[in-house]
Amino acid sequence: MKKVMKIIVGILLVIGIGIGGIGYMQHKEHEKMVAIATSEEAKKVYEDFMKKRDPDAFEQDGVIQSYEIDTNSLKYNPMGGLMVDVYLNGKQNIYISYNLIDNGDGTYHSAYYIGSPDLLEFLNEEYQ
Numbered sequence: 001m002k003k004v005m006k007i008i009v010g011i012l013l014v015i016g017i018g019i020g021g022i023g024y025m026q027h028k029e030h031e032k033m034v035a036i037a038t039s040e041e042a043k044k045v046y047e048d049f050m051k052k053r054d055p056d057a058f059e060q061d062g063v064i065q066s067y068e069i070d071t072n073s074l075k076y077n078p079m080g081g082l083m084v085d086v087y088l089n090g091k092q093n094i095y096i097s098y099n100l101i102d103n104g105d106g107t108y109h110s111a112y113y114i115g116s117p118d119l120l121e122f123l124n125e126e127y128q
């Protein structure tokens, strides 16, 4: 009976270590994604696109006053890149989704931009 208990405890210990290791690796990968999404190079991509849509962005007369990166929505695109959602002016219904691609020289570009349905209304409302 003692031998069986030792085997069961050993198996449970191995399973526990395996699950803990997987959890740790997922945590480290998420930290890496957050570092990419919040880097200065990535912020240039976000801000350049916003300034194309709103030339007065981040100024007193601009529609876009601020943005916030949603670090909970980060995930890798199976076709390549990091998918990032950016909320505008603190409103979660007004966002832009970016697919950040590494240029290989420390800079990034976005393969595509997707705006929320409310984004177009938000930008058009202010310019009418």
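Note that full-length UniProt numbering numbers the sequence shown so that position 104 is 104, with each residue one more than the last.
Virtual Cβ for every residue (Gly too), placed ideally from N, Cα, C.
With respect to the 8 Å criterion, Ile101 and Tyr113 are not classified as neighbours on the basis of their beta carbons. For Glu68, no alpha helix (DSSP H) run applies; the uninterrupted beta strand (DSSP E) run containing it begins and ends at Tyr67 to Tyr76, by DSSP.
When secondary structure is reduced to three states using DSSP, Met25 falls in the helix class. For Asp48, the enclosing alpha helix (DSSP H) stretches over residues Glu40 to Arg53. Three or more Cβ pairs closer than 8 Å define a contact, and the stretch 26-37 meets that threshold against the stretch 67-80. With distances taken between CA atoms, Asn93 lies nearest to Pro117 out of Pro117, Gln60 and Gly104.
For Asp102, the beta-bridge partners assigned by DSSP are Tyr108. About 7 Å separates the Cβ atoms of Phe49 and Ser110, confirming a contact at the 8 Å cut-off. When the beta-carbon positions are compared, Asn89 and Met83 stay at least 8 Å from each other. Relative to the Cα of Ala42, the nearest Cα in the group Leu119, Leu120 and Tyr98 belongs to Tyr98.
Counting along the chain, Met1 sits inside no beta strand (DSSP E), nor does DSSP assign it H or E at all.
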